[in-house]
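Numbering (the numbering used here), first residue to last: 47 to 229.
Ideal Cβ placement from N, Cα and C applies to all residues, glycine included.
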């Protein structure tokens with residue numbers, strides 16, 4: 047399981063890096079489009095379409111890495127006051143809810159990607175970009191997240207049974223709350 051986790055982490059980091067590059071491209075393209083429109087009265091052709099497709103890469107490229115770091119939103123006020131087993135139980139509940147939600151999302155994303163390829167779906171606009179690559183990216187990012195969630199359920203079950211703490215789960219800003227509550 048350690049090997050799978052390590053491979054998944056490296057893969058998630060690579061996808062995150064590609065998403066970061068996509069964000070830079072979108073930023074420069076958006077800036078060029080605004081300057082072109084306002085100063086030169088000539089917008090960048092296809093800027094909106096490229097930015098729309100890049101957003102999928104940015105969001106779904108970051109989901110798995112966010113789960114690895116356990117940096118998704120949760121109510122820290124309650125979470126930090128629970129004992130290790132309570133935190134592990136909440137983590138398992140969150141993992142299972144994530145598996146359900148993202149499992150359904152993956153199912154539909156695969157259907158949509160297949161349909162998009164079959165009909166040759168493309169963006170509206172000056173330059174027509176195919177939409178299936180963005181739909182495939184959405185499905186791939188979701189699949190990576192699901193693998194991570196399955197690993198997290200196994201890890202969290204181990205911590206629930208053993209009653210041990212997972213250090214990375216707690217935002218460092220709230221670490222003092224736990225120490226002061228345990229005294």
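query                                                                                                             : result
Delimiting residues of the alpha helix (DSSP H) encompassing residue 87                                           : First-last for residue 87: undefined, no H or E at that position.
Residue from 66, 81 and 128 with nearest C-alpha to residue 105                                                   : 66
Bridge-paired residues (DSSP) for residue 129                                                                     : Looking at the DSSP assignment, residue 129 forms no beta bridge with any residue, so it has no partner.
Run of the alpha helix (DSSP H) containing residue 197, from where it starts to where it stops                    : 178-208
Residue 185, buried or exposed, once every other Cβ within 10 Å from all chains shown has been counted against 16 : buried
Residue 113 burial status per 10 Å Cβ neighbour count (16 or more: buried)                                        : buried
Spatially closest choice to residue 97 from 159, 191 and 73, by CA coordinates                                    : 73
Residue from 117, 116, 109 and 133 whose Cα sits closest to the Cα of residue 124                                 : 133
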